[in-house]
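Comments concern the structure below.
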Amino acid sequence: MRNRWQILIAFFALVIIQNCTTLEKHGPKIITGKIKSNVVASSGKNYNFPEQTPAFLASTSNCGICFSGGGTRSLSASMGQMRGLEQLGILQNARYISCVSGGSWASAVYTYYKSGASDDRELLGVDPSQKERKTWKLSDWSSSLKKSNLAYPATADFEKTIAEYLIEGPEDMAWINAVRDTFFKPFGLDENNFFSLDSSTVTEILNENKSLQPDWNSSNFDIPKEGRPYLIVNGTLLWPVELEDLDKVKRVLIQFTPLYIGNPFALTLKVRHHWFKNQYLNTGGGLLDTFAFGSSGPDAAPGDWIEMPAQYRTFTIWHASGISSAAYGYDESKTDIKGLLPRENYWAITDSEKSQTVSKNQYFSDGGNLENFGIMALLQREVKKIIVFVNSGTALKKDGENITIDSDIAPLFGLDDAKFPNNQVFVSDGYSSLANKLWDTYSKGGLAIAKECYTTKPNNWFGIPEYEVEVLWVYNAPVQDWINQLSPEIQSTIHKGIEGKQPLKGFPNYKTIGENWLKLIQLKPEQVSLIADMFSWSIQKNSTIFEQFLAPVQ
10 MRNRWQILIA FFALVIIQNC TTLEKHGPKI ITGKIKSNVV ASSGKNYNFP EQTPAFLAST
70 SNCGICFSGG GTRSLSASMG QMRGLEQLGI LQNARYISCV SGGSWASAVY TYYKSGASDD
130 RELLGVDPSQ KERKTWKLSD WSSSLKKSNL AYPATADFEK TIAEYLIEGP EDMAWINAVR
190 DTFFKPFGLD ENNFFSLDSS TVTEILNENK SLQPDWNSSN FDIPKEGRPY LIVNGTLLWP
250 VELEDLDKVK RVLIQFTPLY IGNPFALTLK VRHHWFKNQY LNTGGGLLDT FAFGSSGPDA
310 APGDWIEMPA QYRTFTIWHA SGISSAAYGY DESKTDIKGL LPRENYWAIT DSEKSQTVSK
370 NQYFSDGGNL ENFGIMALLQ REVKKIIVFV NSGTALKKDG ENITIDSDIA PLFGLDDAKF
430 PNNQVFVSDG YSSLANKLWD TYSKGGLAIA KECYTTKPNN WFGIPEYEVE VLWVYNAPVQ
490 DWINQLSPEI QSTIHKGIEG KQPLKGFPNY KTIGENWLKL IQLKPEQVSL IADMFSWSIQ
550 KNSTIFEQFL APVQ
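Right, dumping it as structure tokens:
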């Protein structure tokens, strides 16, 4: 991965520098002076999640959805998954959406979009009729993807945009700015706005800060569309990237949400570099209001509406999603292009009383560099029913008794965990059961799906307690029952694609990087439309189990 990212980014930068167009200037908005913000401390594993008011808990079922990482493949699959759940009328029943990387491009735009689509139906797209499925050619699937659709930006010329920003600088914002222009701008989310929960929250922020920030008004804040689950965008804090040994770089979860940013679980990181003394970094321990992220902190104990200096750039929803999708982060943190890593001023809530002394620019990257599904954030909150959409690039296969599934799943069961040694939350025996159930449903022509019940193993890296949870795993694999609904031409093209032949090579497990010739992450419209329809159709055909997991409040 390391060399691939270096070669691809360098190549596209050299190509574009010869024929560079002028970018629309979109510099950061710098907040100066002082602000007042809430600093919420945790007590051990007794977390205080500010969204969990009595009204919130009473009005939502204790269920959540995870949209995994996977770049434009996951963006496309997520659109179809959301469409299927929306068609069943149950998407809004989820208490939480937790997302990573490409899943965050879909989830953040779905939550906050302001233009580009007139309503959710236009945003998520319309299922073709039974007759259309039976007669459509590849060109029909291509033209069915509309500019107003959530996953249309998967077809954009992303490599040109990022190359232009690499030339323009600053380099640590190149990826984030390209994510903004590609995935968020088409839906009216390219301004330097804070993001928050609702109008009453924004009003409270403005009232508390009216003497310190008199120019602020409600137009400076983006708020979710009505009826959205509470959004959690997952990223990874990397420390210390200065070490030469990549394996010693610590990775810690950071959550970007409408009300707060941080990690409720306090964790002290420790490294020893050759002959130097031990180095320590405190992380987490509570939560900071989202609009205050990047500030140097109050130099005071945690509490409500504490005054602190403000010399930071506005932190936006596209900034959060850009960090969550900076997939090169872990591999590149030890190379000569680590300057591309997003950097943000950071201090732990446990260090609130000395925050201005310890706050420092730290490196952040893709949530998938720690955990690619977003499940840890929901396990922290003891969510009882979780749907995990594994929008993987790894094909589901069986060789003898060995079943191949996404390699990031095994570490959740304490297996093959060299890359993710701190990720076990389920007992090891559960892995084979999951793999066998996925294979069984897939091999019978259906959606690769597995319903499992677990008692979580306490995890002291993520701060996850022991409790009972039901998980519905949904894996990205061909659905033969759906393929049978298509025209003979498309059936043949898909089967050839599964065998590795163009024009649908690898369907539906498109590569995250370089699926199409000389394209970094760009997909073709027909690639997007077909994977989205596969999931929308399959979810509706399996309505009973999805309705069970996303039941309305009783």
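Start counting the sequence shown at 10; every next residue gets the next number (my numbering). For each residue, glycine too, the CB sits at the ideal point set by N, CA and C.
If you draw a straight line from the C-alpha of A275 to the C-alpha of D415, how long is it?
30 Å
Can you tell me the Cα-Cα spacing of T465 and P420, whole angstroms?
14 Å
Nearest to Q371 by alpha carbon, out of E380, G244, W448?
G244
Neighbour-count burial assignment, Q511, 16 or more Cβ in a 10 Å radius:
If you draw a 10 Å sphere on the C-beta of Q511, you find fewer than 16 other C-beta atoms in it, and that means exposed.
A64 lies in the alpha helix (DSSP H); which residues open and close that run?
Note, A64: alpha helix (DSSP H), 63 to 68.
Quick one: grab the DSSP three-state call for D298.
strand
Rounded separation between S153 and D490 - CA only:
Roughly 21 Å separates the two Cα atoms.
In three-state terms, what does DSSP make of I326?
helix
At what residue ranges does the region 105 to 187 contain a whole run of the alpha helix (DSSP H), taking only runs of 4 or more?
Correct list: 111 to 121, 129 to 133, 139 to 144, 147 to 152, 167 to 177.
Considering K505, what are the terminal residues of the alpha helix (DSSP H) in which it resides?
Run containing K505: 497 to 507, per the alpha helix (DSSP H) assignment.
As an exercise, report each continuous alpha helix (DSSP H) stretch of at least 4 residues that is fully enclosed by the region 331 to 396, in chain order.
Complete alpha helix (DSSP H) runs here, min 4: 338 to 341, 364 to 367, 384 to 389.
Assuming G93 and S545 form a contact by the criterion Cβ under 8 Å, report the distance between their Cβ atoms to the nearest whole angstrom.
4 Å
Give every residue of the same chain whose Cβ lies closer than 7 Å to the Cβ of T170, excluding the five residues on either side of it in the sequence, and list them in chain order.
A187, D190, T191
For L527, is the classification buried or exposed, using 16 other Cβ atoms within 10 angstroms of its Cβ as the cut-off for buried?
exposed
Cα-Cα, which of G376, T450, I499, T299 is closest to I540?
I499 is the residue among G376, T450, I499, T299 whose C-alpha sits nearest the C-alpha of I540.
Cβ contact (3+ pairs, closer than 8 Å) linking the region 94 to 110 and the region 500 to 510:
no
Top-ranked residue by Cα proximity to T553, from N47, L97, F516:
L97
Three-state class that DSSP yields for T292 in the structure shown
Three-state result, T292: strand.
Determine the direct distance from the alpha carbon of E380 to that of S441, and round the result to whole angstroms.
20 Å
Relative to the C-alpha of P487, which residue among I503, G472, V478 is closest?
I503
Enumerated in chain order, which unbroken segments of the alpha helix (DSSP H) with a length of 4 residues or greater are wholly contained in the region 466 to 546?
489 to 492, 497 to 507
Contiguous beta strand (DSSP E) assignments of at least 3 residues, all confined to the region 208 to 291
239 to 248, 259 to 265, 269 to 272, 276 to 281
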